[in-house]
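**Q** Chains as they are written, first to last, in the working numbering: chain A, 8 to 305; chain B, 15 to 332; chain C, 393 to 750; chain D, 3 to 278; chain E, 3 to 278.
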Amino acid sequence: MIESLLFLCALVSIATTLGIVVVMLSESVFSLTGGKAFFQEISPWEFFGSTKWSPQFADKHFGVLPLLCGTILVAGIAAVTGLPIGMLAAIYLSEYAAPKVRRMVKPFLEILAGIPTVVYGYFALEFITPYVLRPFFQGMLGFDVDGFNALSAGLVVGIMIIPMVCSLSEDALRAVPRSLREAGYALGSTKYDVCVRVVVPAATSGIIASFLLAISRAIGETMAVVIAAGQSPVITLNPLKSIQTMTAFMVNISLGDTPAGSIEYKSLYAVGLTLFCITLLMNVLSQWWMHRFREVYQ
Amino acid sequence: EPQGKSTSESGSTTGGSGTAAAPVKGFVPEGAIAPSPETIKSGTYKPLSRPLFLYVNKAVLKKPEAIAFLEYYFSPEGRALVGESGYVELDDADYDAQVKLLDDAIKAAGGKASETLNGQVLVDGSSTVAPITTAVAEEFSKLHANVRVPVGTSGTGGGFKKFCSGEIDICDASRGIKDSEKELCQKAGIEYLEMKVGIDGLTIVVNPKADWIAGITVEELKKIWNPESKVQKWSDINPAYPNAAIKLFGPDTDSGTFEYFTEEICGKKGASRSDYQQSGDDNFLVTGVAGDEHALGYFGFAYYIENQGKLKALSVAP
Amino acid sequence: MTEPIQNSPEVAAAPAVPAPATNVSLTKGKKENRLFEWTCRGAVWFSVAILLVLLVSVTKNAVGWLDWQFLSSFDSARFPQKAGILAGVLGTGWVIGLTILFAVPIGVGAAVYLEEYAANNWLNRIIRVNLSNLAGVPSIVYGILGLTVFVRMFGLFGPHGYIHKWTGWTIEGFFWSEHFGQYLIPLPFGRVVLSGALTLTLLILPVIIIASQEALRAIPPTLRHASLALGATRWQTIRHQVLPAAVPGIMTGVILAISRAIGETAPLVMLGAMTFVYFAPGNLDSLSDLSSHPEGLIKAPFDTFTVMPIQIFNWVRQSKEEFKYVAAAGIVVLLAILLVLNGLAILIRNRYSKHLRW
Amino acid sequence: MANTASSFSGLVKRPLGNGEALKEPRKPKIESRSLCFYYGDAQALHDISMVIPERAVTALIGPSGCGKSTFLRTLNRMNDIIEGTRHTGEILLDGQDIYDSDVDVVALRKQVGMVFQKSTPFPKSIFDNVAYGPRVAGLKDKEKLASIVESSLKRAALWKEVQTRMHESAMALSGGQQQRLCIARALATDPQVLLMDEPASALDPASTARIEDLIFELKENYTIVIVTHNMQQAARVSDFTAFFLKGSLIEIGDTEQIFTNPREKQTQDYITGRFG
Amino acid sequence: MANTASSFSGLVKRPLGNGEALKEPRKPKIESRSLCFYYGDAQALHDISMVIPERAVTALIGPSGCGKSTFLRTLNRMNDIIEGTRHTGEILLDGQDIYDSDVDVVALRKQVGMVFQKSTPFPKSIFDNVAYGPRVAGLKDKEKLASIVESSLKRAALWKEVQTRMHESAMALSGGQQQRLCIARALATDPQVLLMDEPASALDPASTARIEDLIFELKENYTIVIVTHNMQQAARVSDFTAFFLKGSLIEIGDTEQIFTNPREKQTQDYITGRFG
Ligand SMILES: Nc1ncnc2c1ncn2[C@@H]1O[C@H](COP(=O)(O)OP(=O)(O)OP(=O)(O)O)[C@@H](O)[C@H]1O
Ligand SMILES: Nc1ncnc2c1ncn2[C@@H]1O[C@H](COP(=O)(O)OP(=O)(O)OP(=O)(O)O)[C@@H](O)[C@H]1O
Ligand SMILES: [Mg+2]
Ligand SMILES: [Mg+2]
Ligand SMILES: O=P([O-])([O-])[O-]
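(1) Here's the rule I'm using: 16 or more other beta-carbon atoms within 10 Å means buried, otherwise exposed. How should residue 525 of chain C be labelled?
(2) If we count the other Cβ atoms within 10 Å of its Cβ and call it buried at 16 or more, is residue 297 of chain B buried or exposed?
(3) Closer than 8 Å by C-beta to residue 147 of chain D: which residues in its own chain qualify, once you throw out the five before and the five after it? Chain order, please.
(4) Could you pull the start and end residues of the beta strand (DSSP E) that residue 122 of chain A belongs to?
(5) So which of B:172, B:190 and B:188 has the shortest CA-CA distance to residue 182 of chain B?
(6) Just how far apart, CA to CA, sit residue 634 of chain C and residue 611 of chain C?
(7) Would you mind giving the Cβ-Cβ distance between residue 115 of chain E and residue 193 of chain E, rounded to the nearest angstrom? I have them listed as a contact below 8 Å.
(8) Give me whichever residues DSSP pairs with residue 196 of chain D in a beta bridge.
(9) Run the CB neighbour count on residue 138 of chain A, radius 10 Å, all protein chains shown included, and call it buried at 16 or more, exposed below.
(10) Taking 7 Å as the cut-off, decide whether the C-beta atoms of residue 62 of chain D and residue 244 of chain D are in contact.
(11) Kindly list the residues whose CB is nearer than 6 Å to the CB of residue 277 of chain B, restricted to its own chain and excluding five residues on each side of it in sequence; keep chain order.
(12) Is residue 70 of chain D close to ligand 1? I mean its beta-carbon at under 6 Å from any heavy atom of the ligand.
(13) Determine which residues of the segment 186 to 219 of chain A have a Cβ less than 8 Å from any Cβ of chain E, and write them out in chain order.
(14) Can you tell me the Cα-Cα spacing of residue 257 of chain A and residue 705 of chain C, whole angstroms?
(15) Need the endpoints of the alpha helix (DSSP H) that residue 223 of chain A sits in, please.
(16) On the CB-based measure, 16 or more other CB atoms within 10 Å of its CB, does residue 151 of chain D come out buried or exposed?
(17) Between the beta-carbon of residue 90 of chain A and the beta-carbon of residue 218 of chain A, is there less than 7 Å?
(18) Roughly how far, in whole angstroms, is the beta-carbon of residue 605 of chain C from the beta-carbon of residue 503 of chain C, given that I think they are within contact range, below 8 Å?
(19) How many angstroms separate the CA atom of residue 65 of chain E from the CA atom of residue 197 of chain A?
(20) CB-CB under 6 Å to residue 181 of chain A, same chain, minus the five flanking residues each way: which ones, in chain order?
(21) Which runs of the alpha helix (DSSP H) fall wholly inside the segment 16 to 71 of chain A and span at least 4 residues, in chain order?
(22) May I have the straight-line CA-CA distance separating residue 674 of chain C from residue 130 of chain A, to the nearest angstrom?
(23) If the cut is a Cβ gap below 9 Å, which residues of chain B does residue 541 of chain C touch?
(24) Write down every uninterrupted run of the beta strand (DSSP E) in the segment 245 to 324 of chain B whose length is 3 residues or greater and which is fully enclosed by it, in chain order.
(25) Tell me the rounded alpha-carbon separation between residue 255 of chain B and residue 327 of chain B.
(26) Would you report the Cα separation of residue 242 of chain D and residue 69 of chain D, rounded to the nearest angstrom?
(27) Can you give me the Cβ contacts of residue 348 of chain C inside the same chain, cut-off strictly under 6 Å, excluding the 5 residues immediately before and after it?
(28) At 4 residues or longer, and completely inside the segment 96 to 145 of chain D: list those alpha helix (DSSP H) runs for me, N to C.
(29) Helix or strand or just coil, what does DSSP make of residue 549 of chain C?
(30) How many Å lie between residue 124 of chain A and residue 115 of chain A at the Cα?
(31) Verify the contact flag: residue 228 of chain E, CB atom, against every heavy atom of ligand 2, threshold strictly below 6 Å.
(32) Could you tell me the alpha carbon to alpha carbon distance between residue 118 of chain A and residue 67 of chain A, rounded to whole angstroms?
(33) I think residue 261 of chain A touches residue 662 of chain C, with their Cβ atoms under 8 Å apart; what is that distance to the nearest whole Å?
(34) Cutting at 6 Å between CB atoms, please list the residues of its own chain near residue 688 of chain C, excluding the five before and the five after it.
(35) Ignore the nearest five residues each way along the sequence and tell me which others in residue 59 of chain D's own chain have a CB closer than 7 Å to its CB.
(36) If you measure between the beta carbons of residue 318 of chain E and residue 93 of chain E, is that distance less than 7 Å?
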């Protein structure tokens, strides 16, 4: 009796997944409630092939590539900044820091993770763009910096994923058995040798898994990007330009609280579905890595 | 520099103080009129001044809380809030007509005011009108603590879609109802009352640092905003302007502002280029223009008034 | 291959302690060592510094604005001086309270099932894999889920819903208890506290389940075996031994999940919680309201709401300059709450990890 | 090499309880018949047939991984908890097959108590630890509980040491005390058989001696099966010794005989330290 | 009780390497002088003075927790890694104090290799495991590396088994192979002293035998210090035996003498299984 009750609790997670899948598909691939679904009106070919995204204009286009491009740009910048810093910080905390420092810094970084992302967004818009990017890129290098730009958003998303990378990588590093470190030292290694040749390689899978999770988080990050990256769906790799990410588009649509039934409303689901699939892929990849990582020591 | 509350106690900007900004530098075409409460009210600010509306579902005129809310909206206090919100109040004749319209409709519906009020009045629609409605709602709630007036800002189009499906009681609108929307309402059996609340001047704004320009012609606006527009740089408008990319900001397509602007400037509703920063949230547009030396955007007058320090309004020559 | 290296004579002949040759390579090693250590240290302090910059700039902006008036009044769209966070605090309180109410029993229950009962069959394997996937789904996707399922209920109900279209019936909701006067629970829920709480519940469930699983897994199996060997049933073992011992771990997980939920903005924006709200759910904005209209307790879950991060988002994008300071004050309040929660989690973690040693 | 083995005969051997002679026939308490046991596909026990006599101490010895613990745990079906295990053959307790489908495992475990290698006190008070068994069995009467707890602790020779601190945490006890607490806890359910898996392996010599004394006393009333790695301990405390190797029972017999004159060469090799 | 102890004399004792007579005086390799060691406030070693002779096997025995591992780890300063430890007294390697401030720990550890109780292969290929030591010492030449790896594996008696799978993961080796791999890895840094902390405690008899053979061969070239719980093993492989108790060195001497005719009563009690 109790067991079946508890089993029902566990089933909620399955129900959630099914719910997500059904909801995402419901307006994009088939229609639950009559009327046409998104992909019945817009061919997947156009959706994934066309390079123009303008669902809210008289002249509507539904090519998701600009949104995808914006998302990848922001996530890429975030990865380039957040991953190395997070990993190095993890190495410091796990290998070098005195326990006291670790006990202080880790919760501090956890708070960094707890700050609402809205705050980061404004940090990017009000601080990074005008006081860091403009003086450097525009003032010193002469590049044009948009008020909303991918770089500032990418940087704060990078900052946001530092705690996650740091904490997960640190777990992976600390999971490397002490005996391996001792074996390293016993063979006459310096601390650097032990770190770089023994501990980090042994924790590679865990670190990579944390990277994948962090990137997946960066892809799904919303508010900071909404605030700082702009709302112009264009295909560009110039990080100083304003772009639009998938998440930003979704919020933009829902800030206007677009009424159900319109094609823009349905495009919300199509974009959501794409986003879900991408992050799912990242998560599965990371799971797979984690799994390998568990096998190493046992 | 953070400002303590006490020092800015009187801080809210009122519409009346208008455009008394310092003399602006930059090119002004002949016959250009600067937007100000006077020019908007008198209609000399052409072609971009327009009336703002409230659409009321007649069915809700039976609910005492809705009646109370509307009566407050069209009371002298409510009228003053229009000006306070940065728009232009109706002239007296117009205002009296609206009050009468409301009274008649309430009588016809047979609703009556009641002592104890509670419940909700759902309002949604134009983001242009929203500042007035939230101001009214805020003041109203002080008088009737048990009545809720949550104000959504879905844009005029979005508001009408909800209005015509009965999801909301009152729709803020920055343009008149369209035929297609009328049809929807009819189908759903919704009868409505159209009320004018004030006048807005669509304002064309640039960054204050844009010292090369202070006015613009309708012709130039059309050149910039039409769907086939080739304008990418300021110099494409006028060779005298800088050879720098022009950053465009404008409302999204669910907004009445967009429809009004495209109709007046490009000649057809919804006819607009689409490669600009669009948002239903006017504050986003303000931030965008304020943050970019080469930006140009348009939105309701009230948002300009609130941000005179950060923006420069262009005079418009018909 | 090559012949075995000659060992004994040379080793014996080698100078006893550090050969000079090794010392040479060591000086080089030391340089790398330092450089690397400093790079790593830099990474940590960089992160800490950014957080400090953020905190300091926010707090600086909040000075003079964060006062009792701010904490005790509702929002004002027009007057920054009069704006307050009360609606957000109460809204967050209601939403998070309900979230805890739903998420904790379900989450802990699921974890207990997975750790203590689940056989290793395909269904349970799927549940496990699925959990970690769910934990990585972007919150905005949960927002769409909540919007469709709880707010709109697939457009089934209401006077213009599909049920009406198909059957001619109009279902607008159902009546709640008569005790507090008639009260209609709307269907679909619409953008109400309950929709928000349910959405956040789904959002943090995976986090709670995974944390609770870890906590349960950390309980040594010997504890269970000892209990079973004394003739306790499985459920008795869980209730009397496993759960009590796992409580600290579970609590930490729950608190961390809750602090995540408190800061979530995107899913609630998707639900449409951006509406300008200047009232408390159920009109309960003070303790005395509880006695004057207790029915508010039942109405609140079906009331329109706002939460702190959304209020902050609203203020921060206001064009009026002063709202920036209002937003900063809001952020400080939110951070203070998060700080308290995190502190609590750390306290619990430290306290119990000291007292319980296996 | 026989001389090496025989050297153990020199060890002090305590007299059997109640002055019984070792050779006197004993009533069997537990009997395993052709027991095979599998963890998944791996067979851990091969065709074990043996008798465990009543009110005596039977020691299981053998190198690590030979299946001693596995066998012990089949006796109160603790292996049921591990997934993917199965067995063939029978185990009879007082003549009844404990793996019969109508046997209540929970009741069985109350009769066949178990003490683990590492002491496993619950993170509760000393009193609650000992009272746990009777409580889950449904006993609520406070006085009765107290008396059971007291008598169990007395029998486990722990009462004097903890008498005054019954409501302190059991985690605060020393290793040896914890182990005796676990024994007391097992006794509180009033079992007939006590299984002990290396009960002294983690303990210091003094604690070990106390536990051995205890076992010696307990065998007057209980049937005891003990797993040990320590040959000397087996020699000291047990009446019968069974030698396991790679999952098979090589030899079982009187302890005296096994240590002085084993029938099998493997047993002799093990006892004399040839391997293990 | 002397007869019990003397029974060990019957164990087969292999002849010492190179036919050396046991009594021949040896050159000391390591000497500890009045060594005390502390973990924080807890003293783990009390005033240990002993000599470890060159090219011989010295076994450290004693009950659990008596400080064998701690002593072993002071010999290559592995205890430095643990925070809050300190020592007094000296340890001389070839006459020089290894705790001198100008001694390079890293270089010291290259000379004093260590093999741990649990095998600790790096999760890398077999080749990379063995090549690790030379690599961190700065050796890059591939051929040289390969030859060192091969000869180390040969000396560890593992070459034949892994010859064809040098680039497979070391984690895929069996327990005994892993342990020999760790020995090979230690040999690759070309140490003079090899410290082994219960190198065979987790192994099956066959693997144990191979490791013992290996120790026996290695002592021709290396000074070996081995910790073991297994009296028989100590008797089989060591030339000298030191008995520790509660952090003190009770007795050290020729293995034969310690096992047949210990000077101290405590040693005798331990060896005959009176406790432990
Ligand atoms: N849970 C399990 N799953 C799979 N195999 C197991 C499990 N437990 C034990 N085994 C295997 O069964 C065999 C017997 O194990 P058992 O624990 O009975 O040995 P043991 O004689 O008690 O050894 P030790 O003296 O080391 O405790 C071993 O090969 C072991 O690896
Ligand atoms: N890292 C440490 N911190 C504090 N105390 C320690 C530490 N390591 C060992 N000790 C203590 O020092 C004493 C000696 O420990 P050591 O590991 O040397 O014993 P041992 O003889 O090797 O025992 P065993 O045979 O069980 O390995 C023990 O009391 C132990 O608890
Ligand atoms: Mg065992
Ligand atoms: Mg040890
Ligand atoms: O007034 P609008 O929000 O419809 O532009």
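C-beta: ideal position from N, C-alpha, C; glycine also. Note that this is a predicted model, so its numbers are computed, not measured.
**A** Inspection of the coordinates gives the following:
(1) So residue 525 of chain C ends up on the buried side.
(2) Only buried fits residue 297 of chain B, as 16 or more other CB atoms lie within 10 angstroms of its CB.
(3) For residue 147 of chain D, same chain residues with a beta-carbon under 8 Å away, outside a window of 5 residues either side, are 133, 136, 137 and 141 in chain order.
(4) Note, residue 122 of chain A: premise wrong, no beta strand (DSSP E); not H, not E.
(5) When each option's Cα is compared against that of residue 182 of chain B, the closest is B:172.
(6) Using only the alpha carbons, I get a separation of about 7 Å.
(7) That pair is a contact at about 4 Å.
(8) Residue 196 of chain D pairs with D:115 and D:226.
(9) By the 16-neighbour rule on beta-carbons within 10 angstroms, residue 138 of chain A is exposed.
(10) Taking 7 Å as the Cβ cut-off, residue 62 of chain D and residue 244 of chain D qualify as a contacting pair.
(11) For residue 277 of chain B, where only same-chain residues beyond five positions count, the Cβ hits under 6 Å are 283.
(12) True, at least one ligand heavy atom lies under 6 Å from that Cβ.
(13) So the close ones are 186, 187, 188, 189, 190, 191, 192, 193, 194, 195, 196, 197, 200, 204, 205, 208 and 209.
(14) Taking the Cα positions, residue 257 of chain A is about 16 Å away from residue 705 of chain C.
(15) Start and end: 211 to 227.
(16) Result: buried.
(17) A contact, by the Cβ cut-off of 7 Å.
(18) The Cβ separation is near 5 Å, so the contact holds.
(19) The straight-line gap from Cα to Cα measures roughly 34 Å.
(20) Excluding positions up to five away in sequence, the list reads 101.
(21) Look at the segment 16 to 71 of chain A and you find these whole runs of alpha helix (DSSP H), each 4 residues long or longer: 45 to 48 and 51 to 56.
(22) If you take the alpha carbons of residue 674 of chain C and residue 130 of chain A, they lie about 35 Å apart.
(23) Ordered by position in chain B, no residue passes the 9 Å Cβ test against residue 541 of chain C, which lies about 18 Å from the chain.
(24) 261 to 265, 291 to 293 and 309 to 313, all fully within the segment 245 to 324 of chain B.
(25) Straight through space, the alpha carbons of residue 327 of chain B and residue 255 of chain B are spaced by roughly 17 Å.
(26) The straight-line gap from Cα to Cα measures roughly 18 Å.
(27) In the structure displayed, chain C extends from 393 to 750; residue 348 of chain C sits before or after that span and is not available.
(28) Positions of the alpha helix (DSSP H) runs, each at least 4 residues long and wholly inside the segment 96 to 145 of chain D, are given as 107 to 113 and 128 to 138 in order along the chain.
(29) Three-state DSSP puts residue 549 of chain C in coil, outside helix and strand.
(30) Going from the Cα of residue 124 of chain A to the Cα of residue 115 of chain A covers about 16 Å.
(31) False, no ligand heavy atom lies under 6 Å from that Cβ.
(32) Roughly 43 Å between the two C-alpha positions.
(33) Contact between residue 261 of chain A and residue 662 of chain C holds: their C-beta atoms lie close to 5 Å from each other, under 8 Å.
(34) Contacts found: 674, 675 and 676.
(35) Excluding residues within five positions, the ones whose Cβ falls inside 7 Å are 217, 221, 226, 228, 239, 240 and 241.
(36) A question about residue 318 of chain E goes unanswered here, because the residues of chain E that appear run from 3 up to 278.
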